Amino acid sequence: MEIKRIPLKQINPAKYNPRKDLKPGDPEYEKLKKSIDEFDLVEPLVMNKRGNMLISGHQRLKILLERGDTETEVSVVDLPPDRERALNITLNKIAGQWDLPKLSELLKNLDDDLKDITGFDAEEIDELLGFKEEVQEDNFDEEAPERPITKPGDIWLLGNHRLLCGDSTNPADVERLMHGAKANCVITSPPYAMQRKDDYGGIPAEEYPGWFFHVASNVYRILDDSGSFFVNIKEHVEGGQRSLYVMKTIIALVEGGWRYVDQLIWTKPGLPGGWSNRLRNDFEPVHFFTKKEQIDWMVQLVEVDEDRLATLPADLVEMYEDIFHFTKAKKIKFKPRAVGSESDAIRVYSKTNKTKGDSGNISVSGKFKKGIARPGNVLSLPGNQSSVKHSAAFPVKLPAFFIKLATDVGDNVYEPFSGSGTTIMAAEQLGRNCYAMELSPGYCDLAVKRWEQLTREKAVRQEV
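Each residue of the sequence shown is one higher than the last, beginning at 29 in the working numbering.
If you want it as structure tokens, here you go:
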């Protein structure tokens with residue numbers, strides 16, 4: 029390290045700098061400017077000689093340039109890129125506000141030994157990366173307006189999120205929505221066959237696999253190679269038997285190049301009984317697809333013996349097995365009664381860090397590290413209690429689970445059937461960017477209103 033006087037125009041600010049960029053008029057900016065005017069620059073800037081990259085002092089450099097200085101004393105170091113970024117975090121930790129997505133991007137790409145020298149302990153890193161965040165249900169319960177403001181083709185900018193009133197089967201609409209971005213995760217509950225007739229015309233069950241294949245093909249194009257695709261859908265019952273169109277859709281996707289990784293079960297405790305000659309519908313499946321064999325995901329922190337971890341495969345814990353129910357006739361003998369115990373009927377999705385009572389997560393890419401175990405493939409979440417009639421509504425905590433499972437803070441989530449914006453609400457609370465598509469202008473209006481109520485900010489419409 030050496031101290032040199034360097035012309036200001038030769039110093040290159042780091043684009044990755046994770047501190048909030050202050051501007052003239054900001055209270056913090058004006059305080060710093062007043063201090064420099066009074067005492068001059070008592071602490072030199074820190075610059076890496078590799079590319080003259082500024083490591084520390086971005087706001088001070090801006091103030092020096094604003095007041096007309098041409099050069100200043102700089103502490104020059106010679107570091108490789110990874111240690112340069114680690115030093116940037118270390119020196120920036122003591123003051124200012126973080127740009128959390130940028131900080132997350134820096135931290136998640138640092139090796140563990142470099143994370144140790146940043147000044148953040150493991151718990152702080154988990155907090156900053158969003159691993160402890162829990163979402164809240166907003167209990168949004170409004171009908172779509174009869175005369176919506178949104179017009180087909182409109183794009184709404186909701187903070188970091190984009191909402192297009194368009195068709196997720198149309199490649200041009202999907203490309204326009206994504207605007208060059210790639211999705212790290214896709215989570216959706218598409219319209220069921222013969223439902224939502226006002227939007228998609230009611231897709232007949234026999235046409236559904238081909239129709240959804242267009243949706244999935246567009247997803248494949250915009251999904252990152254390490255991304256995950258989650259589909260919440262369950263066949264309806266017609267004529268006393270369950271339709272097979274979802275099974276046929278899964279087969280079509282696999283034959284089209286998708287990898288069918290797993291089926292997760294979403295149990296919905298507390299639902300009322302259904303038809304008298306059928307079992308109560310206590311669950312819905314979520315089908316899990318990927319493009320590649322390697323999966324980058326987030327798993328739960330729990331106390332697990334390191335030796336036992338070495339014996340576990342890198343996939344979801346199998347917490348259930350399927351039992352398929354077949355009959356010879358439409359009319360069957362059915363006598364509902366209590367069967368088994370309460371613990372057999374309801375599998376609770378428990379807290380993950382038993383020592384602290386929270387639900388932390390940590391990143392892992394198909395490998396196990398000490399203290400990490402797999403999440404189960406059964407979730408217990410109450411269903412959406414909204415009175416709004418939407419055939420594929422789910423609670424905010426459902427997409428939140430999959431977003432936290434498959435993404436980091438600052439990653440992109442694509443929702444091809446946005447409805448009233450539930451996935452947007454989850455992404456907003458978890459610090460992800462949501463790219464949402466919705467065919468119905470009325471539902472687009474609901475999503476905009478819902479986001480504005482949650483954030484107390486105003487959405488911006490880009491008309492066609």
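Every residue, glycine too, gets a C-beta built ideally from N, C-alpha and C. The model shown is predicted, which means the values in this text are computed figures rather than measured ones.
Option nearest residue i by Cα separation, candidates the options
i, options, result
"Leu493", "Pro410, Asp436, Phe445 and Val441", "In the structure displayed, the chain extends from 29 to 492; residue 493 sits before or after that span and is not available."
"Arg111", "Glu99, Arg95, Asn76 and Asn80", "Asn76"
"Ala200", "Phe67, Gly181, Arg190 and Ile278", "Gly181"
"Trp286", "Asp253, Ala434 and Pro109", "Asp253"
"Asn309", "Gly194, Glu263, Leu107 and Met275", "Glu263"
"Leu82", "Phe258, Gly194 and Leu107", "Leu107"
"Val437", "Cys213, Glu312, Ile39 and Gly53", "Cys213"
"Asn260", "Leu69, Ile215 and Trp239", "Ile215"
"Asp166", "Thr451, Pro469, Tyr463 and Gln490", "Thr451"
"Val265", "Leu307, Ile64, Lys296 and Trp294", "Leu307"
"Gly238", "Arg33, Gly53 and Met275", "Met275"
"Lys477", "Trp294, Val70, Gly53 and Glu170", "Glu170"
"Asp97", "Asn120, Pro109, Asp68 and Met206", "Asp68"
"Pro52", "Ile91, Gly447, Val314 and Glu66", "Ile91"
"Gln38", "Ile183, Pro219, Tyr236 and Glu99", "Glu99"
"Arg204", "Tyr248, Tyr463, Asp54 and Tyr471", "Tyr463"
"Asn198", "Leu467, Pro109 and Tyr471", "Leu467"
"Gln291", "Gly404, Glu58 and Tyr236", "Gly404"
7 Å CB neighbourhood of residue i in its chain, flanking five on each side removed
i, result
"Ser196", "Val202, Val243, Asn246, Pro444, Phe445 and Met465"
"Ala454", "Val163, Val424, Pro427, Ala428 and Ile431"
"Glu485", "Gly187"
"Leu482", "Asp166, Met453 and Glu456"
"Gly470", "Ala172, Pro173 and Pro176"
"Leu50", "Glu56, Tyr57 and Gln87"
"Leu192", "Ile183, Asp201, Arg204, Leu205 and Met465"
"Lys361", "Unreliable placement is indicated for Lys361, whose pLDDT of 38 sits below 50; the coordinate value is still reported in the next sentence. Closer than 7 Å at Cβ, skipping near neighbours: no residue."
Contacts around residue i, its chain only, beta-carbon distance under 8 Å, and the 5 residues preceding and following it disregarded
i, result
"Leu473", "The question names Leu, but residue 473 in the sequence shown is Asp. Hits under 8 Å: Ala172, Pro173, Pro176, Ile177 and Thr178."
"Ile31", "Pro72, Glu101, Val102, Ser103 and Val104"
"Phe241", "Thr277, Ala280, Leu281 and Gly284"
"Asn40", "Gly79, Asn80, Met81 and Leu82"
"Leu93", "Leu36"
"Lys210", "Ile250, Leu251, Asp252, Gly255 and Asn440"
"Thr295", "Asp310, Phe311, Ile374, Arg375, Val406, Leu407, Ser408 and Leu409"
"Glu321", "Arg287"
"Arg33", "Glu99, Thr100, Glu101 and Val102"
"Asp65", "Arg95"
Beta-bridge partners of residue i, as assigned by DSSP
i, result
"Trp184", "Leu191 and Arg489"
"Pro313", "Ile293"
"Ser84", "Val74"
"Pro35", "Glu99"
"Met465", "Leu192"
"Glu266", "Gln269"
"Asn260", "Val314"
"Glu94", "Partner(s): none; Glu94 has no beta bridge."
"Glu443", "Ala464"
"Val104", "Glu30 and Met75"
"Pro215", "As written in the sequence, residue 215 is Ile, which differs from the Pro given in the question. Phe258, per the DSSP bridge assignment."
"Leu251", "Ala211"
"Arg175", "Arg175 pairs with nothing; no bridge assigned."
"Asn40", "Met81"
"Tyr288", "Phe317"
Cβ neighbours of residue i in the same chain (closer than 6 Å, five flanking residues each side left out)
i, result
"Ala2", "Since the first residue shown for the chain is 29 and the last is 492, residue 2 is missing from the structure and cannot be characterised."
"Val289", "Phe316 and Thr318"
"Leu186", "Trp479 and Ala487"
"Lys358", "Low confidence applies to Lys358: its pLDDT is 45, below 50, so where it sits in the model is not reliable, and the reading given next is rough at best. Excluding sequence neighbours, Lys358 sits near Gly268."
"Gly85", "Leu73"
"Leu340", "Its pLDDT being 44, under 50, Leu340 is placed unreliably by the model, and nothing is read from it."
"Ile231", "Ala221 and Trp239"
"Ala42", "Met81 and Leu82"
"Gly194", "Asp201 and Met465"
"Ala120", "Reading the sequence as shown, one finds Asn at residue 120 and not Ala. So the qualifying residues of the chain are Arg47."
"Gln490", "Ile183"
Whole-number beta carbon distance between residue j and residue i, since they are thought to touch under 8 Å
i, j, result
"Val441", "Asn461", "7 Å"
"Val163", "Val406", "Not quite, the Cβ-Cβ distance comes to about 19 Å (not below 8 Å), so this is no contact."
"Arg95", "Leu60", "That pair is no contact at about 12 Å."
"Phe258", "Val314", "5 Å"
"Glu456", "His189", "7 Å"
"Gly449", "Ala475", "3 Å"
Below-8 Å beta-carbon distance, residue i vs any chain D residue
i, result
"Ala42", "In the displayed structure, chain D is absent; only one protein chain is listed."
Residue i beta carbon near the ligand FMN (any heavy atom closer than 7 Å)
i, result
"Asn260", "The ligand FMN is not part of the structure shown, which contains no ligands of any sort."
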